[in-house]
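Taking it in order: structure first as structure tokens, then the write-up.
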Amino acid sequence: MDMYSDKENLYVTAQLPGAQKDKINVEIVKNNLCIELADSDEEHNNRSYLIKEIPSTKSRRIIKIPQEIMSKDVKSSYKDGILKVTLPISDPEPRQQIPVN
Numbered sequence: 856m857d858m859y860s861d862k863e864n865l866y867v868t869a870q871l872p873g874a875q876k877d878k879i880n881v882e883i884v885k886n887n888l889c890i891e892l893a894d895s896d897e898e899h900n901n902r903s904y905l906i907k908e909i910p911s912t913k914s915r916r917i918i919k920i921p922q923e924i925m926s927k928d929v930k931s932s933y934k935d936g937i938l939k940v941t942l943p944i945s946d947p948e949p950r951q952q953i954p955v956n
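Residue numbers (our numbering): 856 to 956.
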């Protein structure tokens, strides 16, 4: 998995070889990006593997988002075993003076 940024976005790229698009769930929970791959073993229960390197069990990865983002504008895509998530960076809130009562 890679995470990198430019001035406007954070980017996360994850390799999910053999995953089906409808089995991938991407969520923003608090300040974390959660990527979950649903269990797909039911499709392969009757097989007797000689070699098995492609994961087929439920897995979850939680990545701490290092800065404020606009969660409603997050986008993701999945193609050729690669999940790409784009997280727009929000502008920092301006400094605000708080009066003391």
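All C-beta atoms, glycine included, are put in the ideal place defined by N, C-alpha and C.
For the pair of segments examined, the segment 943 to 951 was found not to touch the segment 867 to 874: the number of CB pairs separated by less than 8 Å stays below three. Its chain contains Y933 as the residues whose beta carbon lies nearer than 8 Å to that of K876, once the 5 sequence neighbours on both sides are disregarded; these appear in chain order.
Secondary structure of K885 (DSSP, three-state): coil. Between the alpha carbons of T941 and K913 lies a distance of about 23 Å. Relative to the Cα of E882, the nearest Cα in the group D935, N901 and V929 belongs to V929.
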